[in-house]
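2 protein chains.
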Amino acid sequence: MQKSDYITVGIIEDDVAYMKQVRTAVDATTAIRCTIGQPSIEDFFESLKPYQDLDILLLDIHLPGESGINGLLRIKKRLPNTAVIMHTVEENDTLLFKAFLRGAEGYLVKENDMDELIKNLHIIANGGGAISPIMARALIGYFHPNTPSAPKKLEGLGTKDTQILHMLSEGWTYKYIAKKLDITVDGVRYYIRKIYKRLGAHSRHEATKIYRRLSD
Amino acid sequence: MQKSDYITVGIIEDDVAYMKQVRTAVDATTAIRCTIGQPSIEDFFESLKPYQDLDILLLDIHLPGESGINGLLRIKKRLPNTAVIMHTVEENDTLLFKAFLRGAEGYLVKENDMDELIKNLHIIANGGGAISPIMARALIGYFHPNTPSAPKKLEGLGTKDTQILHMLSEGWTYKYIAKKLDITVDGVRYYIRKIYKRLGAHSRHEATKIYRRLSD
DNA sequence: AAGAATACTACATACTCATGCACTATTTGT
DNA sequence: ACAAATAGTGCATGAGTATGTAGTATTCTT
């Protein structure tokens, strides 16, 4: 994933003091370089050179102008190989799920422990995922049985139903879903029947449309 | 969540050397006590006293007798307030999902860095989630839109191709499309073959995703 | 303690879809 | 005028999907 000798990271952050703190910490390392730092998404795109690329982008959520969460899609389109870490003070699981559904690779809550941040940059650069503890718990909680969680379980659908609906809408085959969840193909059928009945759908396509409409 | 002055942790692990390593590390801390350590689920239940409780349980997956993943339900039933961390050498995302669907609070890959493990125990005790970096990435990846690789432009597709692609992505059947365009179903097939080839798709779903991505 | 609901597994059937091969009519380039 | 691409039709096969019916083990209700 690395294109140069360094891990290149960019940062979009309107708190200039905090940005400076991060840049100083990054510059103190030997393996990571901060090649771009801007206070807004608009400024970021403006300053990004035609073929410029990044390994990692630290993206604040609360920004003047376009928010980080909204800019994420645009950023991912321009920099498909850049791992984006959402970086915010907010421990908000709606934002957390939204970020991942839009392609983020990490969600870190801002803190002043720069060593921890640097460690997470290395983790990301090595193909790992970066999540702050509390957010990790929220993420895990999403899979827990009968726990209402952020990507709203549509009324009357349980954790597993919702999970299967999600995979279904991503286009996976029954066989693949069965293997992932370690149940039989007939087991998958069982859930899909249930989901279709609940949604009033009669095909993968209808179900997908309904799911997407209800979950953005 | 803590019931005593200490964080109490149990461990079920058949690798005695590894268990010893963990116990030693835990005993070296001031805040955590290892109150139970057994080499199998059966032994664990046998040695568990009537009202004994735990804050955290480190649960190996590969065990003689009942596997950790299967025992998890039984354990959660007996110890509903205990946070269970699956603890294994296997970086396997089927197991990962299964563990969380069954109520685990963490999934850590075994390593010899005991400081890291202790840190994770504290995280769990403070209501956080513990996941090893690679597993975190797998978990995050579950939410990612799975983007098929595709050409950057819809070039090379004629008016009729595009029209059919559009109808295809709206979910219409070949029969319906054939009737609408007044050609045979095989005619529709002919175009769809062409479209798939051009897009590098192999199913309606892939084609739809590519189409949507390229036309917004 | 009996019955109902839940969470599957299993088998069956018909339809849809992806793809390969063969054939033809029309258009287009040289 | 001839080759070759384009735009289909036709048939075949296997995989994937939707839906019905039935059975079992476990959990929840009363």
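Chains A and B, in that order, give the protein sequences.
Every position in the first sequence, counted from 1, becomes a number in my numbering once 29 is added.
Every position in the second sequence, counted from 1, becomes a number in my numbering once 29 is added.
Ideal Cβ positions, reconstructed from N, Cα and C, are used throughout, including at glycine.
Note that the structure is predicted; figures quoted are calculated from it, not measured.
Anything in chain B within Cβ reach of residue i, meaning under 7 Å, just list it in chain order.
i	result
A:Ile152	Pro162
A:His234	Gly200
What are the residues that DSSP puts in a beta bridge with residue i?
i	result
B:Ala159	B:Gly135
B:Gln89	What sits at residue 89 of chain B in the sequence shown is Asp, not Gln. The partner list for B:Asp89 (beta bridge, DSSP) reads B:His116.
A:Gly39	A:Ile65 and A:Leu86
Considering only C-alpha positions, which residue in the set the options is nearest to residue i?
i	options	result
A:Ile90	A:Leu77, A:His116 and A:Gly66	A:His116
A:Asp245	A:Asp215, A:Pro180 and A:Arg222	A:Pro180
B:Thr64	B:Glu71, B:Leu86 and B:Glu75	B:Leu86
A:Glu235	A:Ile70, A:Leu194 and A:Val113	A:Leu194
A:Val118	A:Thr58, A:Leu88 and A:Arg241	A:Leu88
A:Val113	A:Glu71, A:Ile160 and A:Asn121	A:Ile160
A:Ala60	A:Arg103, A:Lys106, A:Lys148 and A:Arg107	A:Lys148
A:Gly7	A:Ala54, A:Lys238 and A:Arg227	Outside the displayed range of chain A (30 to 245) lies residue 7 of chain A, so it cannot be described from this structure.
A:Asp84	A:Ala167, A:Gly100 and A:Ile104	A:Ile104
B:Thr69	B:Ile206, B:Gln81, B:Gly157 and B:Leu101	Note on identity: in this sequence residue 69 of chain B is Ser, with Thr being the wrong assignment. Minimum Cα distance to B:Ser69 is reached at B:Leu101.
B:Tyr240	B:Lys204, B:Glu184 and B:Arg218	B:Glu184
A:Ala57	A:Leu243, A:Met143 and A:Glu71	A:Met143
B:Leu243	B:Leu92, B:Ser198, B:Leu168 and B:Asn121	B:Ser198
Quick one: give me the first and last residue of the alpha helix (DSSP H) that residue i is part of.
i	result
A:His151	Met143 to Ala154
A:Ala54	Val45 to Asp56
A:Ile212	Where A:Ile212 is concerned, there is no enclosing alpha helix (DSSP H), given that its DSSP letter is neither H nor E.
A:Glu75	Ile70 to Ser76
B:Gln192	Thr188 to Ser198
B:Tyr240	Arg233 to Leu243
B:Lys106	Gly97 to Arg107
A:Thr202	Counting along the chain, A:Thr202 falls outside any alpha helix (DSSP H), and DSSP gives it neither H nor E.
A:Asp34	Where A:Asp34 is concerned, there is no enclosing alpha helix (DSSP H), given that its DSSP letter is neither H nor E.
A:Ala179	No alpha helix (DSSP H) contains A:Ala179, which DSSP labels as neither H nor E.
A:Thr111	First-last for A:Thr111: undefined, no H or E at that position.
B:Ala128	Asp122 to Leu130
Between which two residues does the beta strand (DSSP E) carrying residue i extend?
i	result
A:Ile65	Ile61 to Gln67
Under 8 Å Cβ-Cβ, which residues of chain A neighbour residue i?
i	result
B:Thr123	Lys208, Lys209, Leu210 and Asp211
B:His91	Result: empty, since nearest Cβ-Cβ is about 16 Å, beyond 8 Å.
B:Glu134	Arg166 and Ile169
Just the chain A side, please: which residues come within less than 9 Å of residue i by C-beta, in chain order?
i	result
B:Asn175	Glu199, Gly200 and Trp201
Going along chain B in order, which residues have a C-beta closer than 8 Å to the C-beta of residue i?
i	result
A:Thr188	Leu130
A:Phe172	Phe126, Phe129 and Leu130
In chain B, which residues lie less than 9 Å from residue i when you measure between Cβ atoms?
i	result
A:Gly156	Pro162, Ile163 and Arg166
Any heavy atom of the ligand GDP inside 8 Å of the beta-carbon of residue i?
i	result
A:Tyr220	As for the ligand GDP, it is missing from this structure, which has no ligand bound.
Contact between the region 43-59 of chain A and the region 95-112 of chain A (3+ Cβ pairs under 8 Å): No, the region 43-59 of chain A is not in contact with the region 95-112 of chain A.
Should the region 125-132 of chain B be regarded as contacting the region 167-175 of chain A, the criterion being three or more beta carbon pairs within less than 8 Å? yes
Whether or not the region 121-128 of chain A and the region 137-145 of chain B are in contact is what I'm after, with contact meaning three or more pairs of Cβ atoms, one per stretch, closer than 8 Å; do they touch? no
Indicate whether the contact test is met: 3 or more Cβ pairs, each with one atom in the region 68-81 of chain A and one in the region 49-60 of chain A, closer than 8 Å. no
With three or more beta-carbon pairs closer than 8 Å as the criterion, would you say the region 208-228 of chain B touches the region 203-214 of chain A? no
Please confirm if the region 153-168 of chain B is in contact with the region 150-157 of chain A, defined as three or more CB-CB distances below 8 Å between the two stretches. yes
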